[in-house]
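Residues -24 to -1, 1 to 245 (mature numbering (1 follows the signal peptide of the UniProt record, and there is no 0)) make up the sequence shown, in order.
By construction, the Cβ of each residue, glycine as well, lies at the ideal position given by its N, Cα and C atoms.
Quantities reported herein were computed from a predicted structural model and do not represent experimental measurements.
Here's the structure we're looking at; comments come further down.
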Amino acid sequence: MKPVTTFSLLFPLALLSACTTPQGDISPQTTSPTSIQTPASAKMGRVIQITEYLISTDGEKTVTLNGKKLLLNWRIKNDYNYDTNDRLIRQRTSARNNPSWWEELSYQYTPDLIQRYQNSESKDLLNTLLLNTKGYLKGNLGPDEYVYDAEGYLISYTGNNQRDAYIIKNGNVVAKETVYSSGLIQKNTYEYDPGKPGIPSPLTFRGQQSQNLLLKQTMVSTSPNSSSPETTVFTHQYDFDQQGRAVREFVVSDIDSNWPTSIREFVYQ
């Protein structure tokens, strides 16, 4: 059985009013939405649990993707709690391969900062996150670390040895360019289903999230040591509950369309 690796995607989580091919030059910009859109969290309720799965020959759970049965074991489980203002206040992570291990983060808010603690019982202060007037991350390194547009969408980030720039269109992140200090450049474009709401991000302090359901990500990587760019396409497929909410996500790359690179399940409030 071929191993599956977990692929970390823009989670932001967010895609057909999107770019279908990577853009040659991306700079932070916003296109005003053609209509007022309601945040996904208001339509669907907050996500209170996200579970990551791996394909296994002795899997305890069976799911079907494109008519093919897959045996799964859960790998990582995250549980989330929110306050009455819909702000994340607790995240607990557990792992299948080590039942005695767990990690818990808790968040305490003031108007201009979050204090993040590791282990809610002993209250070990992990760090302090500064917030802007809308309650989104402001950054601790300067005014240009996190930059948002007027509607609260993140349009640029500078830090952690990289620089990100985003394009927002019709309430969705349709393009992102990341330039790393190593010289690597990654350009991503995203396509959405305009008729379905996106999966709400538990990280409520990271700005507005894409409003529609992500269908496709095209990633073009250009390395200073390579003569030509490398393109990878990820498609997102979903299982839905009776309310039309995405409860299971399969991410499949064009490198190997037979095996998902990521399988996650969602539980809503």
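When the options are compared against residue i, the one with the closest alpha-carbon
i	options	result
P176	T207, Q162 and V243	V243
L106	K99, L117 and D100	L117
T69	T60, Y142 and L81	L81
Y29	D62, K53, N136 and G43	K53
Q84	D100, N74, D217 and N73	D100
residue 255	A141, D34, W50 and I231	The structure shown does not extend to residue 255, since the chain spans only -24 to 245, so no value can be given for it.
Q67	T198, L179, E167 and N108	L179
N148	S233, N108, L190 and Q91	L190
I144	V123, N136 and S157	V123
N95	I65, E153, N108 and N136	I65
G35	S202, L46 and T211	L46
G171	I90, G220, T86 and Q91	G220
P205	S233, K163, V223 and Q184	K163
E153	G115, S197 and D215	S197
A222	D232, E241, I231 and S233	E241
C-alpha distance - residue i paired with residue j, whole-angstrom precision
i	j	result
L113	S186	17 Å
S229	T27	20 Å
E225	W235	13 Å
P200	G159	6 Å
E121	Q193	25 Å
Q138	V155	6 Å
K44	D169	24 Å
T(-4)	T40	With a pLDDT of only 34 at T(-4), under the threshold of 50, the placement of this residue in the model should not be trusted; the figure read from the coordinates follows. In a straight line, the C-alpha of T(-4) is about 30 Å away from that of T40.
I161	G128	25 Å
A71	D88	33 Å
L(-10)	V23	Low confidence applies to L(-10): its pLDDT is 30, below 50, so where it sits in the model is not reliable, and the reading given next is rough at best. Between L(-10) and V23, the C-alpha separation is close to 19 Å.
residue 326	S238	One cannot answer for residue 326 here, as it falls past the ends of the chain, which runs -24 to 245.
T33	L48	8 Å
V227	G174	15 Å
S202	S76	44 Å
M20	T109	26 Å
D217	Q25	15 Å
E79	S233	34 Å
D215	N188	16 Å
8 Å Cβ cutoff, residue i in contact with chain B
i	result
P75	This model lacks chain B altogether, as it is built from one protein chain only.
heavy atom of the ligand MG below 7 Å from residue i C-beta
i	result
D120	No copy of the ligand MG occurs in the structure displayed, which carries no ligand at all.
Cross-strand partners of residue i (DSSP beta bridge)
i	result
T109	According to DSSP, T109 bridges with nothing at all.
Y129	Partner(s): none; Y129 has no beta bridge.
L41	K44
V227	H212 and S238
D34	None; D34 has no bridge partner.
R66	N57 and S82
V23	Y244
Residue interval of the beta strand (DSSP E) (run including residue i)
i	result
Q162	I161 to P173
T60	Run containing T60: none; DSSP gives neither H nor E here.
Q184	Premise fails: Q184 is in no beta strand (DSSP E) and is neither H nor E.
S197	N188 to T198
Y75	One detail in the question is off: residue 75 reads as Pro in this sequence, not Tyr. Looking at the DSSP string, the run of the beta strand (DSSP E) that includes P75 is N74 to T86.
residue 247	Outside the shown range of the chain, which is -24 to 245, sits residue 247, and nothing can be said about it.
R139	Q138 to K145
K152	N148 to Y156
Supposed contact pair residue j and residue i - C-beta distance, whole angstroms, cut 8 Å
i	j	result
A151	T134	About 17 Å separates the two Cβ atoms, so there is no contact after all.
A141	S132	5 Å
M195	T211	In fact, because the Cβ distance is near 12 Å, the residues do not count as touching under 8 Å.
L102	R182	Contact doesn't hold; Cβ gap of about 17 Å is too wide.
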